[in-house]
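Working notes for the structure below.
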Amino acid sequence: MRASAFHISTIKEAPNDAEIASHQLMIRAGMIRKLAGGIYNYMPLGLRTIRKIENIIREEMNAAGALELLMPVVQPAELWQESGRWEKYGPELLRIKDRHGRDFILQPTSEEVITDIARNEIKSWRQLPVNFYHIQTKFRDERRPRFGVMRGREFTMKDAYSFDRDVDGAMQSYQAMFDAYHKIFTRLGLNFRAVAADTGSIGGSSSHEFQVIADIGEDLIVYDPRTDYAANIELAAAPCLIEKRAAAGQDLCKVHTPGAATCEEVKNLLSIDLSRTVKSIVLATEPADSDPQIWLLLLRGDHDLNEIKVGKLAGFEEGFRFATEDEIKEHFGSPPGYLGPVGLDDRVKVIADLTVANMNDFVCGANEAPYHLQGVNWGRDLPEPLLVADIRNVVAGDPTPDGKGVLNIQRGIEVGHVFYLGTKYSEALKATYLDETGKPAFMEMGCYGIGVTRIVGAAIEQNHDERGIIWPRAIAPFEVAVCGLGWGKSDAVRETATKLYEELKSQGVDVILDDRDLRPGVMFAEWELIGVPIRITVGDRGLANGQVEVLGRRESNAELVDLPDVVARVA
Ligand code: ATP
Ligand code: MG
Ligand code: MG
Ligand code: MG
805 MRASAFHIST IKEAPNDAEI ASHQLMIRAG MIRKLAGGIY NYMPLGLRTI
855 RKIENIIREE MNAAGALELL MPVVQPAELW QESGRWEKYG PELLRIKDRH
905 GRDFILQPTS EEVITDIARN EIKSWRQLPV NFYHIQTKFR DERRPRFGVM
955 RGREFTMKDA YSFDRDVDGA MQSYQAMFDA YHKIFTRLGL NFRAVAADTG
1005 SIGGSSSHEF QVIADIGEDL IVYDPRTDYA ANIELAAAPC LIEKRAAAGQ
1055 DLCKVHTPGA ATCEEVKNLL SIDLSRTVKS IVLATEPADS DPQIWLLLLR
1105 GDHDLNEIKV GKLAGFEEGF RFATEDEIKE HFGSPPGYLG PVGLDDRVKV
1155 IADLTVANMN DFVCGANEAP YHLQGVNWGR DLPEPLLVAD IRNVVAGDPT
1205 PDGKGVLNIQ RGIEVGHVFY LGTKYSEALK ATYLDETGKP AFMEMGCYGI
1255 GVTRIVGAAI EQNHDERGII WPRAIAPFEV AVCGLGWGKS DAVRETATKL
1305 YEELKSQGVD VILDDRDLRP GVMFAEWELI GVPIRITVGD RGLANGQVEV
1355 LGRRESNAEL VDLPDVVARV A
């Protein structure tokens, strides 16, 4: 590529709404242009990087045995109604109507469509396992699109979906994707960490996020490098705090939400598998006439719930009663496990399987007043209540949930997510295959996403300085810029630079020849902003000694290299 024939369009100042370095630099370098909130044009320069990221992902997905297909951006509502997500998904799902008034959506993800494909295509156990993926435009009507491509409304995702005969197979598929993700993010040149994440209503430990370490990251991750413990804060915080209380000799803690704003946090908490740290959970609303509020008791030790009631929680008698094991069995059809009691009336509820869905039964009030329990002096009779808002307040040095390590805390950008789905979608859409005995069985599924366009921003967050972007070579829009000084005046410069450019190209180097006859300062500043990893400067002065300058983007001093050695030096 010759710079004179390419669209290079750098600008001095980033717009005001670009708050973080990567967003500012992508605009200044001319990689993206905003079309609407969270919706961007990917300009020729930006698209080169996006395509390189896609290709690395594609190569590793193919190497892991996944099969590429392509599912439409526009999907019929019927499938989403079948899965139940038409109602559940909320305002992030963009719903549209066609001219006949039929409902469609713009896909935020593709579990429904891929499960529809699977149920139509896969008849026999012989066709399993299979893993389909695509790299496709997604739309999520994010509440707060920001940070440019990092949290866009329209963005590109690689999403893969595995289908297996049984749980064992699904775990193998999951592991294969987990390993492939390690290879992908390593090849992309990113500093990342895989952390355990919340599995929501699925349970188990099979969800991991791949987080790129960056101070502007919206996610908090906690880890202990000595014990290999690593999790996102949603998963870790509550167990860590419970462990902290245990370490202080307290085995009961109360979590309380004073208002509707924190309802989401209670839901998050309840979607976490707390079974390692908590034996029972009591979930209830405020008794009688007060404003509806949610509280929960996390009981770590062995408690006879009736004893708690009588002994420690005398104040609960007014509004609550703890159920017996028999009552729980009768109510939920299963023994309590680590689950708690049921209450007297409809203001008092307990969940049997700690699913988020169950939480929809609850109403949250907006009362900011602290919760008061008659007859109980928190802090004296019982440990101080833990506000739901506190749940995120784990600090470095707190114990890990297993009590064996100590937390370190970092900020991260979620660039990938692997998730074991079980039969959630195959059951909803009745995707069965005939097993070896000829009986129909639901397919075991997993889903695996990578935020292709988000990676562009994440990579820049990790690799930039005051002059601009510093691309990891694998995803640089160009690997090498050959800059001719005095292009219009010097035949020697033109000839040598062009020859170098042709040679590098023939060696497979992605090189751009700057033949624009710009002043050196302007030209150099532009390539530094764009972040090209290697710059070769061809000028009459160096050529007099048969040399050109080679400069790495991270280096401050150029190296004089003899012409015959240049290609080997940078190829
Ligand atoms: P987040 O927590 O950041 O909202 P998510 O958990 O909702 O992300 P997933 O449903 O796991 O996202 O989607 C898979 C991947 O898609 C994410 O790991 C992320 O890299 C990317 N992604 C999700 N939302 C966006 C977005 N609004 N803009 C760009 N990339 C996104
Ligand atoms: Mg999201
Ligand atoms: Mg997330
Ligand atoms: Mg996710």
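Position in the sequence shown (from 1) plus 804 gives the number in the numbering used here.
Note that beta-carbon positions come from the ideal geometry of N, C-alpha and C, so glycine has one too.
Just so you know, these numbers come straight off a predicted model, no measurement behind them.
{"query": "Endpoints, beta strand (DSSP E) assigned at ARG997", "result": "996 to 1000"}
{"query": "Environment of ILE909 [buried if 16+ CB atoms lie within 10 Å]", "result": "buried"}
{"query": "Beta-carbon gap between ALA1296 and ASP1344 smaller than 8 Å", "result": "yes"}
{"query": "Spatial neighbours of ILE831 in its chain, beta-carbon cut-off 8 Å, leaving aside the 5 residues before and after", "result": "ILE815, ALA818, PRO819, ALA822, ARG837, LYS838 and GLY952"}
{"query": "Sub-8 Å separation of PHE936 and ALA964 beta-carbons", "result": "yes"}
{"query": "Chain-order list of residues whose beta-carbon lies under 8 Å from that of GLN828 (same chain, five-residue window excluded)", "result": "ALA818 and ALA822"}
{"query": "Short Cβ contact (8 Å threshold) for ARG1277 with PRO1337", "result": "yes"}
{"query": "Alpha carbon of PRO1205 to alpha carbon of ARG906, nearest angstrom", "result": "49 Å"}
{"query": "Alpha carbon of GLU1248 to alpha carbon of SER928, nearest angstrom", "result": "14 Å"}
{"query": "Span of the alpha helix (DSSP H), counted from its first residue to its last, around SER1230", "result": "1228 to 1232"}
{"query": "Backbone secondary structure at SER914 - three-state DSSP", "result": "coil"}
{"query": "Identified DSSP bridge partners for SER966", "result": "ASN935 and GLY1250"}
{"query": "Coil, strand or helix - ASP1295 by DSSP", "result": "helix"}
{"query": "Meets three-Cβ-pair contact criterion under 8 Å: the region 1259 to 1275 and the region 1217 to 1229", "result": "yes"}
{"query": "Member of ASP1319, MET865 and ARG923 whose CA lies at the smallest distance from the CA of TYR1237", "result": "ARG923"}
{"query": "Of the listed residues GLU1353, LYS987 and ARG1358, nearest to VAL1371 (C-alpha basis)", "result": "GLU1353"}
{"query": "Heavy atom of ligand 1 within 7 Å of VAL1219 beta-carbon", "result": "yes"}
{"query": "Close-in-space but distant-in-sequence residues of the same chain around GLU946 (CB under 8 Å, 5 per side omitted)", "result": "GLY842, GLU896, ARG955, GLY956 and ARG957"}
{"query": "Contained alpha helix (DSSP H) runs [length at least 4] in the region 857 to 908, N- to C-terminal order", "result": "881 to 887 and 889 to 892"}
{"query": "When VAL999, GLY1288, ILE1316 and LYS1234 are compared against ASN1212, the one with the closest alpha-carbon", "result": "VAL999"}
{"query": "Coil, strand or helix - SER1310 by DSSP", "result": "helix"}
{"query": "Residue range of the beta strand (DSSP E) that includes ARG991", "result": "Run containing ARG991: none in the beta strand (DSSP E); it sits in the alpha helix (DSSP H), 971 to 991."}
{"query": "Cβ-heavy atom distance, ARG997 to ligand 1, below 7 Å", "result": "no"}
{"query": "Bridge-paired residues (DSSP) for GLY1341", "result": "For clarity, residue 1341 is Thr in the given sequence; the question names Gly instead. Per DSSP, CYS1287 and GLU1353."}
{"query": "ALA1051, buried or exposed, once every other Cβ within 10 Å from all chains shown has been counted against 16", "result": "exposed"}
{"query": "Chain-order list of residues whose beta-carbon lies under 8 Å from that of ARG997 (same chain, five-residue window excluded)", "result": "PHE1014, GLN1015, ILE1017, ILE1025, TYR1027, ALA1034, GLN1214 and GLY1216"}
{"query": "Span separating the alpha-carbon of THR1302 from that of CYS1287", "result": "10 Å"}
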